[in-house]
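Asker: Here it is: the structure, laid out below.
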Amino acid sequence: MQTLSLSRTLISAAVASAFALAAVNASADLSSRYVDNDGDMVADVPSDESQWVDPDTLVFAYTPVEDPAVYADVWSDFLDHLSDATGKKVQFFPVQSNAAQQEALRAGRLHVAGFNTGGVPVAVNCGGFRPFAMMAAEDGSFGYEMEIITYPGSGIEAVEDLQGRQLAFTSETSNSGFRAPSALLRSEYGMEAGEDFETAFSGSHDNSILGVVNEDYDAAAIANSVGKRMISRGVVNEGDYDIIYTSQTFPTTAYGLANNLNPELAEKIQDAFFSYDWEGTALESEFANSGEAQFIPITYQENWEVIRTIADANGVTYDCD
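With mature numbering (1 follows the signal peptide of the UniProt record, and there is no 0) as the guide, the letters of the sequence shown map in order to residues -28 to -1, 1 to 293.
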């Protein structure tokens, strides 16, 4: 765990150069449903108060990287705290896919959420998502790395060995599960999906990890924070998979809210995140496994710059309308 430094194994200089060129054009690409008059790259709160919503029940969803039933329990104490802080009932929405979570936000059925790293730009541009927090270690450091993993004895010892083999991705909106490895393989190794290696989409990082461990996939691109939590829970064991590549550090799940919430309610929601006492909770027990111990404030404009750049390097656009 660390800040967005390059002290861990880096994405190659060639990839970094491509990212740097793409960064020149990285900008907000909001749906026509939203405006950004203050230039912070996220949707403004509507100026017309009649468009504000103040629901009796707040709906919260956590990114579907693992079994939703497990995370309903993990988040239960925090959601009780959120209820006390806002005076609202709070419902956990166990989304089964990234697409379902995005659609729920866009349709107005989701009020507070944690979106996976690569899904944040989609949520911002297409759903009016306003990120404000991220989990971090006690010292304020944060992040995770993309890893390419394989099963022991697969014959894959380096990235080049993926030639002619199968690599599992999670979903096309995932940073570590698709966009970052796609840019890496294309720019540094000249390898294109469907041409130089076969692909599969597992739907989530835990599915990819289990698929590799069970030898359903030759290899997979994953977020190592998910792997660490699965090992800590005994879902998989150390040594069940080998790591052949580790990237630079990326920001992790962003927590935020819909842009059209009543501003007073929105402020109470944000305060609830930053006032939450993790000690002795299921949230602490689960996320300590990946080194996280608190919520810290973030901005989409600053903290997601590298993710927008990766998306641009992959030619991603947001045609939301």
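Think of the CB as a built atom: it goes at the ideal place given N, C-alpha and C, for glycine as much as any other residue.
Excluding the five sequence neighbours on either side, which residues of its own chain have a C-beta within less than 7 Å of the C-beta of E110, listed in chain order?
Answerer: Excluding residues within five positions, the ones whose Cβ falls inside 7 Å are A265, Q266.
Asker: Return yes when the Cβ of L30 is within less than 8 Å of the Cβ of A15, no when it is not.
Answerer: Taking 8 Å as the Cβ cut-off, A15 and L30 do not qualify as a contacting pair.
Asker: With DSSP collapsed to three states, give me the class of L157.
Answerer: Helix, per DSSP.
Asker: Can you look up K61 in the DSSP assignment and give me helix, strand or coil?
Answerer: Correct three-state label for K61: strand.
Asker: Looking only at its own chain, which residues have a Cβ that is under 7 Å from the Cβ of H53, when we skip the five neighbours before and after it?
Answerer: Correct list, in chain order: A244, Y248.
Asker: Which one of D188, A230, E160, G59 has the shortest CA to CA distance from L77?
Answerer: The candidate whose alpha carbon is nearest that of L77 is A230.
Asker: Across which residues does DSSP place Y217 in a beta bridge pair?
Answerer: According to DSSP, Y217 bridges with I120.
Asker: When the Cα atoms are used, what is the spatial distance from S204 to M106?
Answerer: Their Cα atoms are separated by approximately 21 Å.
Asker: Whole angstroms is fine: what's the gap from P40's alpha carbon to D178's?
Answerer: So the alpha carbons of these two residues sit roughly 11 Å apart.
Asker: Using DSSP bridges, identify the partner residues of P269.
Answerer: According to DSSP, which records beta bridges pairwise, P269 is partnered with A105.
Asker: If you run the structure through DSSP and keep just helix, strand and coil, what is F(-10)?
Answerer: Interpretation of F(-10) is limited by its pLDDT of 45, a score under 50 that renders its predicted location unreliable; the figure taken from the coordinates is listed afterwards. DSSP places F(-10) in helix when its eight states are reduced to three.
Asker: Do A85 and A44 have their beta-carbon atoms positioned less than 8 Å apart in this structure?
Answerer: No, the pair does not count as a contact, with Cβ atoms beyond the cut-off.
Asker: Kindly list the residues whose CB is nearer than 7 Å to the CB of D28, restricted to its own chain and excluding five residues on each side of it in sequence; keep chain order.
Answerer: Excluding sequence neighbours, D28 sits near K60, K61.
Asker: Does DSSP put L255 in a helix, a strand or coil?
Answerer: DSSP places L255 in helix when its eight states are reduced to three.
Asker: Rank P153, F65, Q74 by C-alpha distance to the C-alpha of A283 and give the top, closest one.
Answerer: Looking at the Cα atoms, P153 is the closest of the given residues.
Asker: Starting from V84, follow the beta strand (DSSP E) in both directions and report where the run begins and ends.
Answerer: It spans 84 to 87 - the beta strand (DSSP E) in which V84 sits, taken as one unbroken run.
Asker: Helix, strand or coil for L182, going by three-state DSSP, please let me know.
Answerer: Of the three classes helix, strand and coil, the one that applies to L182 here is helix, per DSSP.
Asker: By a C-beta neighbour count over all protein chains shown, 10 Å radius and 16 as the cutoff for buried, is A191 buried or exposed?
Answerer: Per the 10 Å Cβ criterion, buried.
Asker: For F169, does the three-state DSSP call read helix, strand or coil?
Answerer: In the structure shown, F169 sits in a strand (DSSP, three-state: E or B).
Asker: Please classify residue 327: does DSSP put it in a helix, a strand, or coil?
Answerer: Given a span of -28 to 293 for the chain in the structure shown, any question on residue 327 remains unanswerable.
Asker: Helix or strand or just coil, what does DSSP make of N286?
Answerer: Here N286 sits in coil by DSSP.
Asker: Let's test the definition: count the other Cβ atoms within 10 Å of the Cβ of V25 and tell me whether it reaches 16, buried, or not, exposed.
Answerer: Exposed, by the Cβ-count rule.
Asker: Can you have a look at N(-4) and say buried or exposed, based on whether 16 or more other CB atoms are within 10 angstroms of its CB?
Answerer: Here the model assigns N(-4) a pLDDT of 37, short of 50, so the residue's position is not dependable, and the following value carries that caveat. Answer is exposed; the Cβ neighbour count stays below 16.
Asker: Could you give the residue range of the beta strand (DSSP E) that holds Y227?
Answerer: Its beta strand (DSSP E) spans residues 226 to 230.
Asker: Does the distance from the C-beta atom of V185 to that of Y213 stay below 8 Å?
Answerer: Closer than 8 Å, so yes.
Asker: For a quick check, are the C-beta atoms of P66 and Y227 less than 8 Å apart?
Answerer: No, the Cβ-Cβ distance between P66 and Y227 is not below 8 Å.
Asker: In the structure shown, what three-state DSSP assignment does Q73 receive?
Answerer: Here Q73 sits in helix by DSSP.
Asker: Tell me, to the nearest whole angstrom, how far the beta carbon of C98 is from that of Q74; I am working on the premise that it is less than 8 Å.
Answerer: C98 to Q74, Cβ: 7 Å. Contact.
Asker: Compute the Euclidean distance between the alpha carbons of P93 and Y290, then round it to the nearest angstrom.
Answerer: Cα-Cα distance, rounded: 9 Å.
Asker: Let me confirm a value: R201 is counted as buried when at least 16 other C-beta atoms fall within 10 Å, else exposed. Which label applies?
Answerer: It is buried - the Cβ of R201 has at least 16 other Cβ atoms within 10 Å.
Asker: What does F150 pair with, by DSSP beta-bridge criteria?
Answerer: BP columns for F150 are empty, so no partner.
Asker: Indicate the three-state DSSP secondary structure (helix, strand or coil) for I241 in the structure shown.
Answerer: Note: I241 maps to helix in three-state DSSP.
Asker: Tell me whether the beta-carbon of Q138 lies closer than 8 Å to the beta-carbon of F169.
Answerer: The answer is yes: Cβ separation under 8 Å.
Asker: The alpha helix (DSSP H) that contains V46, what's its start and end?
Answerer: Residues 40 to 46.
Asker: With distances taken between CB atoms, is the gap from I193 to I270 smaller than 8 Å?
Answerer: With the sequence shown as reference, residue 193 is identified as Ala, and Ile is not the correct amino acid for it. No.
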